[in-house]
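Novice:
Residue numbers (this note's numbering): 1 to 349.
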C-alpha cells in the first residue's frame with residue numbers, strides 16, 4: 001500500500017502544481033495581486049480541488065472510468081466519447097507544448113543556449129519519459145518536488161517578516177474569479193493524471209490517501225511561494241518569474257540550482273501527462289506504444305516550435321486552456337453538489 005500511495009501522491013502532486021509553479025508566476029497572477037483576499041482564495045482553491053478530486057475518484061471507481069475522456073463522456077453523454085478523447089488530447093498537447101517552449105526560452109536567457117537545441121533535448125527526454133512506467137516517473141517526480149521544497153524552505157529561512165495587506169485592499173470579487181480560474185486550470189490536468197491510476201492502483205484507500213497527501217503538499221508549497229512573493233511585493237510584482245528574482249537577489253548564482261529542478265519538473269510533468277493519454281489507449285486498443293508516443297511528442301514539438309517564435313500564442317493558448325478548465329470545474333460542481341455515499345474498498349483486506 002505504501003508504494004501505491006507514494007506513486008499516486010508523487011504523480012498527482014506534480015500535476016496539481018502545474019508547469020510553472022516554481023517560477024511563481026501563477027501564484028502572483030491568480031492570488032498575490034489580491035493581497036490577503038488572494039491568500040483566502042488560495043486556501044479555498046486547495047479545499048475545492050481536494051473535494052472535487054475526492055468525489056471524482058469515487059465516481060470513477062464506481063463506474064470503472066479510467067481516463068478523463070471516459071469520465072466526461074459519462075457526465076455529458078457516451079455518444080461524445082471520441083470527440084472528448086480528441087479534445088482532451090489536444091488540451092494536453094497544447095499545454096505540454098507551451099510549457100516546453102517557455103522552458104526553452106528561459107534556458108536561452110540563462111545559458112545563451114539556442115532555444116531550438118534546448119527544445120530538441122527536452123523532446124527527446126519527454127519521449128523517453130513517456131515510455132517509462134508510472135513507478136519510475138513517480139520517483140523522478142518526487143525528486144523534483146523535494147528539490148522545489150528545498151528552494152522554498154531556503155527562501156523562507158531568510159524571511160523575517162511577511163506583511164499581510166488589510167482586507168480593505170482589493171475589496172472586490174476579482175480574487176474569487178481568479179481563484180476559480182486557477183482551480184479549473186489545475187483540476188483539468190490533475191484529473192487527467194488521477195483517473196488512469198484508478199485502473200493501475202486498484203486500492204481505493206491508497207488513492208484516497210494519495211489525494212489527501214498531494215493536496216497537503218500542493219497547499220504548503222503554494223502558500224509558501226505566495227507568501228514569499230507577498231513579502232517581496234514591491235520588488236517582483238512586475239516580473240514573470242518572481243521567485244527567480246527573489247533567489248537572484250539573495251544568492252546571485254542560485255539560478256543554476258533552480259534551473260535543473262525547474263526543467264526536470266516540466267519535462268517529467270509533460271511525460272506524466274502524455275502517459276495519461278497513452279495508458280488508456282494501450283489498454284483498450286491494439287495500438288503500438290512506440291508510434292503512439294512518437295506521434296504525440298511530435299505534435300508537442302510543433303506547438304513548442306510555434307510557441308518559441310510566435311510569442312503571442314503563449315497567452316492565447318494559456319487563456320484558452322484556463323477557460324476550458326473553468327468549464328470542467330463548473331460541470332463537476334453541478335455534478336457533486338448533492339451528497340453521495342462513497343464506495344467501499346473491496347481490494348484492501
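Positions of the beta carbon are idealized from the N, C-alpha and C atoms, including for glycine.
Can you give the beta carbon distance from residue 144 to residue 261, rounded, assuming they're within the 8 Å contact cut?
Specialist: Counting from 1 along the chain shown, the entry for residue 144 is found at position 144. Counting from 1 along the chain shown, the entry for residue 261 is found at position 261. Rounded, the Cβ-Cβ distance is 6 Å, consistent with contact.
Novice: Tell me, please, whether the region 64-71 touches the region 232-245 by the rule of three or more beta-carbon pairs shorter than 8 Å.
Specialist: no
Novice: Since residue 175 and residue 34 should fall inside the 8 Å C-beta cutoff, what is the C-beta to C-beta distance between them, to a whole number of angstroms?
Specialist: Residue 175 sits at position 175 when you count from the first residue of the chain shown. Residue 34 sits at position 34 when you count from the first residue of the chain shown. The Cβ separation is near 4 Å, so the contact holds.
Novice: Are the beta-carbon atoms belonging to residue 218 and residue 152 less than 8 Å from one another?
Specialist: Your numbering for residue 218 matches position 218 in the chain shown. Your numbering for residue 152 matches position 152 in the chain shown. Cβ atoms of residue 218 and residue 152: not closer than 8 Å.
Novice: Identify which residue in 157, 137, 308, 281 has its Cα closest to the Cα of residue 14.
Specialist: Here residue 14 refers to the residue found at position 14 of the chain shown. Cα-wise, what sits closest to residue 14 is 137.
Novice: Does the beta-carbon distance from residue 185 to residue 325 come in below 8 Å?
Specialist: In the chain shown, the residue the question calls residue 185 occupies position 185. In the chain shown, the residue the question calls residue 325 occupies position 325. At the C-beta level, residue 185 and residue 325 come within 8 Å of one another.
Novice: Beta-carbon within less than 8 Å of residue 358's beta-carbon, same chain only, minus the 5 sequence neighbours each way: which residues are those?
Specialist: No answer is possible for residue 358: the residues shown for the chain start at 1 and end at 349.
Novice: Enumerate in chain order the residues of its own chain whose CB-to-CB distance from residue 337 is below 7 Å, with the five nearest sequence positions on each side excluded.
Specialist: In the chain shown, the residue the question calls residue 337 occupies position 337. Within the same chain, no Cβ atom closer than 7 Å to the Cβ of residue 337 is found once the five residues on either side in sequence are excluded.
Novice: Helix, strand or coil for residue 287 per DSSP?
Specialist: For the purposes of this step, residue 287 is identified with residue 287 of the chain shown, where counting begins at 1. It is coil, neither helix nor strand.
Novice: If you run the structure through DSSP and keep just helix, strand and coil, what is residue 346?
Specialist: As a position in the chain shown, residue 346 is number 346, starting the count at 1. Since pLDDT at residue 346 reaches only 48, below the 50 mark, its modelled position is unreliable, and no value is offered.
Novice: Could you spell out where the alpha helix (DSSP H) holding residue 41 opens and where it closes?
Specialist: On the chain shown, position 41 is the one that residue 41 refers to. Here the alpha helix (DSSP H) through residue 41 covers 35-63.
Novice: Quick one: complete alpha helix (DSSP H) runs, 4+ long, within the region 287-318?
Specialist: 289-309
Novice: Buried or exposed for residue 232, going by 16 or more other Cβ atoms inside 10 Å?
Specialist: In the chain shown, counting from the first residue as 1, residue 232 sits at position 232. By the Cβ-count criterion, residue 232 is buried, with 16 or more other Cβ atoms from all chains shown falling within 10 Å of its own Cβ.
Novice: Distance, Cα to Cα, residue 132 vs residue 71?
Specialist: Your numbering for residue 132 matches position 132 in the chain shown. Your numbering for residue 71 matches position 71 in the chain shown. The straight-line gap from Cα to Cα measures roughly 25 Å.
Novice: Mind checking which residues open and close the alpha helix (DSSP H) that includes residue 211?
Specialist: Within the chain shown, residue 211 is the residue found at index 211, counting from 1. Its alpha helix (DSSP H) spans residues 204-231.
Novice: Go ahead and label residue 21 buried or exposed: buried means 16 or more other beta carbons lie within 10 angstroms of its beta carbon, across all protein chains shown.
Specialist: If you number the chain shown from 1, residue 21 lands on position 21. Flag for residue 21 reads buried.
Novice: Quick check on DSSP: helix, strand or coil for residue 98?
Specialist: Position 98 of the chain shown, counting from 1, holds the residue named residue 98. Helix.
Novice: For a test of your reading of the model: does the CB of residue 125 fall under 7 Å from any non-hydrogen atom of the ligand GTP? Yes or no.
Specialist: As presented, the structure is devoid of all ligands, the ligand GTP included, so that no description of it is given.
Novice: For residue 130 versus residue 10, is the C-beta distance shorter than 8 Å?
Specialist: Within the chain shown, the letter at position 130 stands for residue 130. Within the chain shown, the letter at position 10 stands for residue 10. For residue 130 and residue 10, no; Cβs fall outside 8 Å.
Novice: With a threshold of 16 other CB atoms inside 10 Å of the CB of residue 220, please say whether the residue is buried or exposed.
Specialist: For the purposes of this step, residue 220 is identified with residue 220 of the chain shown, where counting begins at 1. That one is exposed.
Novice: For residue 77, count neighbouring Cβ atoms within 10 angstroms of its own Cβ and tell me buried if that reaches 16, exposed if not.
Specialist: Counting from 1 along the chain shown, the entry for residue 77 is found at position 77. Exposed: under 16 other Cβ atoms inside 10 Å.
Novice: Excluding the 5 residues preceding and the 5 following residue 48 in the sequence, name in chain order all residues of the same chain whose CB lies nearer than 6 Å to its CB.
Specialist: Here residue 48 refers to the residue found at position 48 when the chain shown is read from its first residue. Excluding residues within five positions, the ones whose Cβ falls inside 6 Å are 183.
Novice: Excluding five sequence neighbours on each side, which residues of the same chain lie with their C-beta closer than 8 Å to the C-beta of residue 3?
Specialist: Walking along the chain shown from the start, residue 3 turns up at place 3. Result list for residue 3: 135, in chain order.
Novice: Would you give the residue range spanned by the alpha helix (DSSP H) that residue 156 belongs to?
Specialist: Here residue 156 refers to the residue found at position 156 of the chain shown. Start and end: 134-157.
Novice: Enumerate in chain order the residues of its own chain whose CB-to-CB distance from residue 18 is below 6 Å, with the five nearest sequence positions on each side excluded.
Specialist: For the purposes of this step, residue 18 is taken as residue 18 along the chain shown, with counting starting at 1. Cβ within range, chain order: 186.
Novice: Residue range of the alpha helix (DSSP H) that residue 178 falls in?
Specialist: Your numbering for residue 178 matches position 178 in the chain shown. Taken as a continuous stretch (DSSP letters only), the alpha helix (DSSP H) holding residue 178 covers 174-201.
Novice: Could you give the distance in angstroms between the alpha-carbon of residue 227 and the alpha-carbon of residue 23?
Specialist: Position 227 of the chain shown, counted from the first residue, corresponds to residue 227. Position 23 of the chain shown, counted from the first residue, corresponds to residue 23. Their Cα atoms are separated by approximately 14 Å.
Novice: From 241, 206, 30, 156, pick the residue whose C-alpha is nearest to that of residue 6; which is it?
Specialist: The count along the chain shown starts at 1 and reaches residue 6 at position 6. Here the closest residue by C-alpha is 206.
Novice: Between 112, 16, 37, which lies nearest to residue 166 when the distance is taken from Cα to Cα?
Specialist: By 1-based counting over the chain shown, the position of residue 166 is 166. Ranking the options by Cα distance to residue 166, first place goes to 37.
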